[in-house]
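Down below is the structure, laid out as structure tokens.
Numbering (the working numbering), first residue to last: -4 to 444.
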């Protein structure tokens, strides 16, 4: 196991199983064979350097490259020209450290490339992730047992949302399927992502905000700009399981619609309902609540969304504009899944398969058959310029990270036992040499600009 992270986290290098008595005592299990303390935003340079070494050593799967990829020669030429002085400056690693990692990859018969939100939340994250995938492709680590790419999402059902079409740029195949299933012409122009939505609200181009869960104000990257954007709307609607700061920064009219959490029993006229979740490995399974709802008046998210649609699309005679049975979907989630089974590829017999023990795994062409849904029918090996962060003298690079007793924007406690912090969360970790150079001491209060 090679672990790459700016901070030597306890969970990267050691593990104790809290569910077994022997896991609570003793020193735990060592995990990491090589730890690389990379500089923030140095990942792109690191993976290009790894690629350069593998090309130099000819540690490549030429059969896979020839049969299943496109763009190898341009990429190989690009990484051969890697400047090691630039790599060492960008990554904070020595050439010897990078060579050691490359040798481990070279000698591995199958490698899993796993990354989390720390890699995806960069300005150049797309190029960085492409470079990780490039390495997997040239090594033939796609569609091979014990190998592959494994992005760890920031939430348990982010992947399931995207699978079901939650995307501001839906493809024509999905739009055509929606039209065929429901009999209406969906808009073909692309929508707005989170950042562009904030800009549009700030500029007065969007006047209604509806949040299906979440803490939009604090999850977005610029709190002040996001607050200004929300205040500029005519209506803000928060569909929520609990109160958070986003409820206090509103448009001209503000609504809070309380909803059930996934841990609460959801019983309708059709009986007890279940929802489904999809993990990062494309495995879909059912999820049922076990707790009584906090209030008998709570509605599920499905019932709220269906109710909004019914009210917005109701004709004067009470019928739905498109003849869609919103009430049926609100009462029986099998109806929703039946629609999805005809719209979304891989979801045939959705309800029955999801409710089996363990659920089911979705088809995945690169994994299952080494096929790729690209224009060329092959995996595209991308060439990305090495983006090196130049930090002016006297400045530091800031990264944010979540703590123990924290789940996304939800904070359960003020201590972080993984990192030895007690009683507070406004904490900045700084290298001791930088603290000395700045004339500061451990425990000083500082302002960040």
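Even glycine gets a Cβ: it sits at the ideal position worked out from N, Cα and C.
Residue 41 places its beta carbon 8 Å or farther from that of residue 119. Contact annotation: residue 196 and residue 224 have beta-carbon atoms nearer than 8 Å.
Of all alpha-carbon atoms in 85, 46, 57, the one lying nearest the alpha-carbon of residue 72 is that of 46. By the neighbour-count criterion, in which 16 or more other beta carbons inside 10 Å mark a residue as buried, residue 395 falls on the exposed side.
Around the beta carbon of residue 128, 16 or more other beta carbons lie within 10 angstroms, which makes this residue buried. For residue 101, the closest C-alpha among the options 125, 158, 133, 84 is that of 133. By alpha-carbon distance to residue 356, the top candidate from 280, 392, 415, 438 is 280. For the 8 Å CB-CB criterion, residue 55 and residue 49 form a contact. A distance below 8 Å separates the beta carbons of residue 83 and residue 89. Ranked by how close their Cα comes to the Cα of residue 420, the residues -2, 397, 0 have 397 in first place. As the crow flies, the alpha-carbon of residue 20 is around 13 Å from that of residue 9. Collapsing the DSSP output to three states places residue 285 in coil.
For residue 206, same chain residues with a beta-carbon under 6 Å away, outside a window of 5 residues either side, are 233 in chain order.
Three or more beta-carbon pairs separated by less than 8 Å link the region 256 to 269 to the region 318 to 328, which places the two stretches in contact.
Taking each of 85, 385, 379, 283 in turn and checking the Cα distance to residue 125, the smallest one comes out for 379. Spatial neighbours of residue 141 in its own chain (CB-CB distance under 6 Å, excluding positions within 5 residues in sequence) are listed in chain order as 105. With fewer than 16 other beta carbons inside 10 angstroms of its own, residue 427 counts as exposed. In the DSSP assignment, residue 314 falls outside any alpha helix (DSSP H) and carries neither an H nor an E. Here residue 161 is exposed. Its C-beta has fewer than 16 other C-beta atoms within 10 Å.
Around residue 332, the same chain offers 345, 346 as residues with beta carbons nearer than 6 Å, after the five sequence neighbours per side are excluded.
Rounded to the nearest angstrom, the Cβ distance from residue 226 to residue 201 is 13 Å, too far for a contact under 8 Å.
At a Cβ-Cβ threshold of 8 Å, residue 138 and residue 361 count as neighbours. In the three-state DSSP reduction, residue 231 falls in the strand class (E or B).
If you keep only unbroken beta strand (DSSP E) runs of at least 3 residues inside the region 230 to 269, you get 230 to 235, 248 to 253. Residue burial is scored here from C-beta neighbours: residue 1 has at least 16 other C-beta atoms within 10 angstroms and is therefore classed as buried. The three-state secondary structure of residue -3, taken from DSSP, is strand. Taking C-beta atoms as the reference points, residue 222 and residue 230 fail to come closer than 8 Å.
In its chain, beyond the 5 residues on either side, 360 have a beta carbon closer than 6 Å to the beta carbon of residue 366.
Residues of the same chain with a CB within less than 7 Å of the CB of residue 422, apart from the 5 flanking positions on each side, are 416 in chain order.
Counting every other CB atom within 10 Å of its CB across the protein chains shown gives residue 369 a total below 16, marking it as exposed.
A direct Cα-to-Cα measurement between residue 67 and residue 247 gives close to 54 Å. Note: residue 144 is bridge-paired with 108 in the DSSP secondary-structure output. Cβ-Cβ separation between residue -2 and residue 27: approximately 4 Å, consistent with a contact (criterion under 8 Å). Our two residues, residue 163 and residue 156, have alpha carbons roughly 12 Å apart in a direct line. A distance below 6 Å between beta-carbons, with the five flanking residues on each side excluded, links residue 408 to the following residues of its chain, in chain order: 400.
Rounded to the nearest angstrom, the gap between the Cα atoms of residue 290 and residue 251 is 15 Å.
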